[in-house]
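The structure appears right after this line, and notes come after that.
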Amino acid sequence: MDAYPAIADHGLIGDLQTSALVTQDGAIDWFCWPRFDSPSLFAGLLDRQRGGYFQIRPDSPGFVTKQLYLPGTAVLITRFLTADGVGELLDFMPVLGEDATANHTIVRAVRVVRGQMRFVIECQPRFDYGRRAHQVEITDDGVAFRTEDEAVSLSVVRRPGRRDGGDGVPEQVGDGVRAFVTGRAGDIGGVVLETASSTPRSIPGEEVIDTFVRTRDFWRDWVAHSQYSGRWREVVERSAMTLKLMTYRPTGALVAAPTTGLPEQEGGERNWDYRYTWVRDGSFSVHALLGLGYTEEAKAFLGWLGARVQDAAAATQNGRPSPLQIMYRVDGSSDLDEEVLEHFEGWRGSRPVRIGNGASDQLQLDVYGEALDSLWRGDSEGVALPHAGWLRVRTLVDWLCDNWQRPDDGIWETRGGRQDFTYGRLMSWVAFDRAIRLADEHGRPADLTKWHQARDAVYDEIMTKGWNADRGAFVQHAGTSVLDAALLYMPLVGFIAPNDPMWLSTLRAMDSELVSDSLVYRYDPAASPDGVRGSEGTFSMCTFWYVEALVRAGRVDDARLTFEKMLTYANHLGLYSEEIGPTGEQLGNFPQAFSHLALIRAAMTLDAALSGPPADGRAVGASLASARAAYLMAG
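When we follow the working numbering, the leftmost residue of the sequence shown carries the number 28, and every step to the right adds one.
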């Protein structure tokens with residue numbers, strides 16, 4: 028690896044407990060084990076010298092690469108085209124069961140399709156973010172990499188009776204190994220990396236083929252359960268598989284992204300660790316998963332969330348200031364102390380590289396709304412809330428009744444001080460509204476008078492303090508004129524009618540200030556200092572929320588154009604990071620669950636609008652006709 032690839036120049040593979048990123052030139056430059064939030068074994072993405080990598084590529088200059096997923100699967104195919112031949116690298120991780128394990132497998136199978144090709148295989152592991160030394164032992168069957176208490180083996184794939192491209196003899200190069208193998212059309216070979224394994228072994232090709240078939244069939248069977256059959260089926264299915272790849276199967280928790288430290292601005296300091304489960308992100312996933320028909324996945328996350336609600340209810344009774352944290356580790360633990368990896372230079376010099384997340388102890392009142400909304404949606408789809416769960420929910424809602432007026436840190440986890448964020452108020456309203464519905468629909472005991480009063484008080488405050496008459500828009504927080512794309516969620520949760528004049532005025536203000544050629548900024552950091560230096564790109568999730576808001580406001584043609592344009596910003600595999608930069612580059616941690624969750628919702632909402640009869644506020648007026656004409660003239 029000679030240079031940092033673009034963030035978008037990666038594919039994702041995984042086994043539902045951890046995952047790896049693979050570049051377009053065949054390098055695994057990010058892999059943590061045994062879990063998403065564990066230390067890295069390969070982190071060349073953040074430091075090409077100290078981070079480690081595992082690359083397979085042609086041993087010739089000027090080769091061309093193409094990358095795709097085996098259709099309907101998470102098996103990644105990297106194709107190499109040279110003057111002498113065409114070769115393929117298949118990368119996948121066999122799917123693991125529901126029990127947490129340190130034993131993970133990365134299969135890297137190579138084959139020559141046409142002509143001949145000489146491959147170079149180089150494995151340079153670096154344990155614990157490159158902080159722990161290891162020994163290298165080369166055997167007849169492969170290589171063992173060992174620390175005092177950890178081990179990883181690299182085994183050779185052999186196919187008796189066939190010309191085999193995997194029999195290169197490795198030589199030690201620094202703290203890793205390198206081997207060269209030559210094959211001709213029809214030759215198949217490869218290597219298998221196994222964690223928590225100290226002894227490499229000679230692996231029969233038939234074993235790899237069987238593992239491949241089982242992995243392929245798992246993904247195709249899973250995708251077949253999707254109930255979406257709309258216009259963007261392949262895009263939606265790829266997003267769904269990406270979310271599945273970011274799910275920790277033993278608990279049902281969904282990580283926000285499998286990476287840390289990828290910046291919101293190249294060379295900047297907005298570099299956070301997203302390898303954890305946000306209550307917000309996971310709760311949003313329930314809507315997308317249920318919409319696609321994945322009830323079991325939604326049920327699994329709701330089980331994880333229920334355990335966090337149980338812990339929070341107990342904390343409330345013990346007088347904890349904020350009982351529900353905004354994020355946890357995938358196993359539900361809360362040790363997320365933030366530290367800096369000083370020895371890592373960061374992707375293209377973007378420092379500091381952080382692990383852990385200091386925002387974990389922030390007060391973000393919106394998480395109560397997202398949690399209650401997901402529990403209500405799950406209950407509506409047959410994922411019933413048990414009696415004990417209801418008692419814990421009731422405890423949290425009672426706490427929120429006494430605390431919703433507190434300033435908080437907001438959805439964007441700013442570090443510039445607490446404010447009376449309108450989005451926090453909005454989702455507090457959602458929490459009360461959904462709790463009231465859960466109580467009414469099932470006749471559950473609750474202090475409904477208190478809850479109704481709180482819901483009405485939040486509504487009145489948003490309509491007065493959250494509304495800026497001079498701007499003609501709902502604003503980020505009381506006493507400011509700053510717009511905030513988080514408020515695109517207002518009509519999506521039913522707080523305000525999508526054709527209400529106050530909302531349409533807000534949407535027009537966002538059109539002119541936050542929207543740039545269909546892409547949407549979260550807010551203007553210059554106008555609303557967030558405690559961190561530098562700027563950022565447009566936020567992909569907000570763009571998809573904008574699509575939904577446009578549909579509901581009756582601007583269906585605008586929504587479709589925005590959605591189609593947004594699809595052009597996906598990488599070559601249909602994956603999205605957190606943000607889109609000024610020249611269309613992907614920025615931030617990759618891939619990001621928020622982006623794919625919002626894509627799925629936008630696709631379902633837009634498809635329904637294009638296929639069904641007009642809903643409220645869906646008529647296209649003269650202003651939309653003028654906007655279309657202006658767009659065509661500008662183009």
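Think of the CB as a built atom: it goes at the ideal place given N, C-alpha and C, for glycine as much as any other residue.
Those residues which DSSP pairs with residue i across a bridge
i    : result
T565 : I607
E149 : Q82 and R205
E164 : A171
R211 : Q143
T274 : L281
G41  : S46
M354 : W305
H370 : Looking at the DSSP assignment, H370 forms no beta bridge with any residue, so it has no partner.
L546 : S543
Selected residue, minimal CA-CA separation from residue i, among the options
i    : options                   : result
Q480 : V424, D436 and S182       : V424
R404 : L329, T343 and N616       : L329
R138 : D74, P61, Y450 and V184   : V184
D362 : A30, C59 and S65          : S65
M593 : T304, Q613 and A620       : Q613
L103 : T128, R211 and I133       : I133
V263 : V170, H504, A327 and A597 : A597
E177 : T589, A160, T166 and E198 : A160
R51  : D111, R62 and D118        : Correcting the residue identity first, residue 51 is Gln in this sequence and not Arg. Taking only the C-alpha atoms, the option nearest Q51 is D118.
M268 : L624, T174, A513 and R228 : L624
Q199 : Q391, T166 and A484       : T166
Y450 : A462, L418 and V502       : V502
A327 : H370, A280, P285 and A505 : A280
Y321 : I627, G383 and D634       : I627
F172 : G195, S224, D497 and A127 : S224
C569 : E605, V583, L319 and H599 : E605
R461 : W417, Y548, D400 and F63  : D400
V204 : L519, L637 and Q162       : Q162
D487 : A473, S360 and I523       : I523
Contacting residues, own chain, Cβ-Cβ under 6 Å from residue i (five flanking each side not counted)
i    : result
A386 : E440
T209 : R145
G195 : A206, F207 and V208
P379 : V367
Cβ shell of residue i (< 8 Å), same chain only, five flanking positions each side left out
i    : result
L43  : V122, L123, K271, L272, T274, Y275 and R276
E397 : V306, R307, S310, F311, M454 and V457
L68  : F58, C59, W60, G79, P152, R153, F154, V179 and T222
L317 : A325, R404, G405 and E408
P348 : L390
I230 : S182, V183, V184, R185 and V219
F107 : G53, R84, P85, F90, V91, T92, V113, G114, E115, L116 and M144
Residue environment, residue i, which counts as buried when at least 16 other CB atoms sit within 10 Å
i    : result
D56  : buried
R260 : exposed
R241 : exposed
S455 : buried
I40  : buried
T287 : buried
G232 : buried
A442 : One detail in the question is off: residue 442 reads as Arg in this sequence, not Ala. Classification of R442: exposed, given that the 10 Å Cβ count is below 16.
R158 : exposed
E663 : Residue numbering for the chain in the displayed model covers 28 to 662; residue 663 lies beyond these limits and cannot be assessed.
G470 : exposed
H37  : buried
G193 : At G193, the pLDDT of 43 sits below 50, so the modelled position is not reliable; the number obtained from the coordinates is stated separately. So G193 counts as buried.
H504 : buried
E369 : exposed
V410 : buried
Q82  : buried
D483 : exposed
Span of the beta strand (DSSP E) around residue i
i    : result
Q94  : V91 to Y96
A178 : A178 to R185
F69  : S67 to F69
E198 : E198 to V200
E115 : G112 to F119
L108 : L103 to L108
W57  : A54 to C59
Limits of the alpha helix (DSSP H) - the one that residue i falls within
i    : result
I215 : Counting along the chain, I215 falls outside any alpha helix (DSSP H), though it belongs to the beta strand (DSSP E) covering I215 to T222.
I463 : T449 to H469
M631 : A620 to S638
M593 : V583 to L594
R338 : According to the sequence displayed, residue 338 carries Asp and not Arg. D338 -> alpha helix (DSSP H) spans T322 to Q344.
Neighbourhood of residue i by C-beta distance below 7 Å, restricted to the same chain and skipping five residues each side
i    : result
A339 : P350, L351 and L423
L475 : I463 and A466
Residue i beta carbon near the ligand HEM (any heavy atom closer than 8 Å)
i    : result
V380 : Looking for the ligand HEM in the displayed structure turns up nothing, as the structure carries no ligands at all.
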